[in-house]
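Trainee: A single structure is presented below for examination.
Residue numbers (the working numbering): 12 to 477.
Put into structure tokens, the structure is as follows:
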């Protein structure tokens with residue numbers, strides 16, 4: 012469904028939920044989508060070597076990320092579909108004992124209905140996959156609005172899904188697509204026929220979406236911004252710290268929601284790590300994202316370049332020193348230098364502002380208590396990581412006085428999450444969870460059912476009503 016009125020998209024998608032075969036158990040539907048050789052997702056999405064330039068190349072073309080990341084993103088959709096097949100035979104509620112003789116309680120889970128999915132430019136395939144695969148095995152239909160700047164990818168993915176559905180005698184509109192900007196997103200947020208709206212994007216827009224959905228007592232699932240930190244203690248393995256900070260800060264040109272934007276280094280290792288990082292940054296291979304040897308491509312838009320330059324200037328005004336990068340590159344395209352800034356106060360305004368660009372703010376700290384507090388003092392709470400060999404410190408970091416983020420790592424970067432765990436964050440990150448674990452519950456409605464299989468009618472709490 013492309014370039015058709017949103018009202019028609021909603022009508023057709025909701026109607027598809029009631030049509031014939033879609034009422035079969037969800038497990039069988041997911042099997043139709045995945046476990047067929049002629050519709051192997053690796054093949055259809057162009058992961059074969061000879062097809063590398065088809066759909067994965069589209070990710071590099073429209074979004075700008077390097078080819079290997081585009082391939083990895085498509086693989087993530089493949090992986091979540093594979094995961095969803097198994098999950099579809101496991102979802103359900105418990106059977107609970109009743110205090111009343113001859114009674115039993117069960118939890119029944121049913122589809123919510125129509126799931127609206129609004130995705131961002133930085134992961135134009137994977138984030139839709141997280142939502143789409145899980146929503147479908149829960150028995151829902153989907154209406155997708157991708158980012159306006161990655162519409163070709165949205166169309167390509169939707170065509171593949173429609174082909175699989177229609178070749179199995181199912182309506183392609185089960186997974187519908189509508190293209191557009193904020194006006195379409197607003198309409199989806201306000202439409203009572205959209206039972207759940209999953210929104211991935213900025214905190215500012217996410218707040219508006221949440222208010223619009225809540226006004227009609229609808230459901231929203233929010234995946235918003237992150238101001239993520241890596242903390243390296245004096246006992247950290249620097250052979251892990253340096254490449255982790257490099258990947259987390261520079262991967263996808265700093266345009267991941269899990270990008271490391273703050274690096275806290277114990278004062279005893281600060282200078283050494285900064286020097287190592289500068290040497291590593293100097294070796295980053297910059298160029299055309301379609302070149303498989305390139306590790307760093309352009310920013311998505313010219314506006315992103317302007318925001319990058321503005322953030323660098325603001326960091327200087329607040330007392331920061333640019334020790335690497337800080338400029339736009341003199342080459343065609345939206346290329347900027349990966350940047351390291353030192354000397355800022357931990358609570359500097361710019362350090363508490365998420366800038367979707369490859370800027371890493373580096374700070375010194377003295378002890379565990381202060382740096383855990385610094386990690387948590389920003390408004391977002393998505394991803395965080397510490398590097399240490401101290402087992403007690405690790406478990407304090409994971410506990411109630413440690414990180415307040417939804418993703419809490421040890422000795423790995425802040426980015427690069429796997430699909431098996433629930434993905435999402437706290438505070439201004441929105442609180443939503445997608446992908447693995449029990450994230451499926453957000454795509455279903457729960458009923459508590461009490462069944463009386465006796466001939467008596469006892470009341471709960473021992474109440475007598477005679």
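Glycine included, each C-beta is placed from N, C-alpha and C at the ideal position. As the structure is a prediction and not an experimental result, all values here were calculated from the model.
(1) Pick out whichever of 290, 74, 346 and 293 has its Cα sitting closest to the Cα of residue 317.
(2) If I follow the unbroken beta strand (DSSP E) through residue 376, where does it start and stop?
(3) Can you find at least 3 beta carbon pairs, one from the region 376 to 394 and one from the region 289 to 297, that sit closer than 8 Å?
(4) Take residue 442 as the anchor and find which of 153, 217 and 142 has the nearest alpha-carbon.
(5) Would you mind listing the alpha helix (DSSP H) stretches within the region 126 to 199 that are 4+ residues and don't spill past its ends, in chain order?
(6) Just verifying my parser: in three-state terms, what is the DSSP assignment at residue 286?
(7) Compare the C-alpha of residue 182 against each of 432, 152 and 199 and name the closest.
(8) Quick check on residue 345: does DSSP put it in helix, strand or coil?
(9) Taking buried to mean at least 16 other C-beta atoms within 10 Å of its own C-beta, is residue 361 buried or exposed?
(10) Quickly, what does DSSP pair residue 462 with across the bridge? List them, please.
(11) Using the three-state DSSP reduction, which class does residue 357 fall into: helix, strand or coil?
(12) Would you say residue 260 and residue 270 are within 8 Å of each other, going by their C-beta atoms?
(13) Apart from the five residues just before and just after residue 158, which ones in its own chain have a Cβ nearer than 7 Å to its Cβ?
(14) Taking the Cβ atom as the reference point for each residue, do residue 252 and residue 284 lie within a distance shorter than 8 Å?
(15) Please report the residue range of the alpha helix (DSSP H) in which residue 383 lies.
(16) Where does residue 103 sit, in a helix, a strand or coil, going by DSSP?
(17) On the three-state DSSP scale, how would you describe residue 406?
(18) Tell me whether the beta-carbon of residue 403 lies closer than 8 Å to the beta-carbon of residue 440.
(19) CB-CB under 7 Å to residue 90, same chain, minus the five flanking residues each way: which ones, in chain order?
(20) Considering only the alpha carbon of each residue, which of 228, 304, 174 and 141 lies closest to residue 77?
(21) Between the C-alpha atoms of residue 272 and residue 238, what's the straight-line distance to the nearest angstrom?
(22) For residue 202, count neighbouring C-beta atoms within 10 Å of its own C-beta (all shown protein chains included) and say buried if the count is 16 or more, exposed if not.
(23) Where does residue 108 fall in DSSP's three states?
(24) Our contact map puts residue 454 next to residue 221 with C-beta atoms below 8 Å; I'd like the distance itself, whole angstroms only.
(25) Taking DSSP as the reference, what is the three-state secondary structure of residue 266?
(26) List, from N- to C-terminal side, the alpha helix (DSSP H) runs of 4 residues or more that fit wholly inside the region 190 to 261.
(27) In whole angstroms, what is the alpha-carbon distance linking residue 190 and residue 177?
(28) Mapping the DSSP letters down to three states, classify residue 476 as helix, strand or coil.
(29) How close, in whole Å, do the beta carbons of residue 277 and residue 244 come, if the pair is a contact with beta carbons under 8 Å?
(30) Does the region 223 to 242 touch the region 393 to 401, meaning 3 or more C-beta pairs lie closer than 8 Å?
(31) Return the Cβ separation of residue 444 and residue 118 in integer angstroms, given the expectation that the two are a contact with Cβ distance under 8 Å.
(32) Have a look at residue 234 and residue 213 and give me their C-alpha separation to the nearest angstrom.
(33) Going by DSSP, which residues form a beta bridge with residue 307?
(34) Rank 102, 353 and 366 by C-alpha distance to the C-alpha of residue 373 and give the top, closest one.
(35) Starting from residue 91 and walking both ways along the alpha helix (DSSP H), at which residues does that stretch end?
(36) Less than 6 Å between C-beta atoms, sequence neighbours within five positions excluded: which residues of the same chain meet that for residue 365?
Mentor: With the structure as the only source:
(1) 346
(2) 370 to 376
(3) no
(4) 217
(5) 137 to 148 and 162 to 177
(6) helix
(7) 152
(8) coil
(9) buried
(10) 115
(11) coil
(12) yes
(13) 130, 131, 132 and 135
(14) yes
(15) 379 to 387
(16) coil
(17) helix
(18) no
(19) 430
(20) 304
(21) 6 Å
(22) buried
(23) strand
(24) Their Cβ separation, rounded to whole angstroms, is 17 Å, which puts residue 454 and residue 221 out of contact at 8 Å.
(25) coil
(26) 193 to 201, 214 to 226 and 249 to 261
(27) 21 Å
(28) coil
(29) 5 Å
(30) yes
(31) About 19 Å separates the two Cβ atoms, so there is no contact after all.
(32) 8 Å
(33) 297
(34) 353
(35) 78 to 98
(36) 236 and 238
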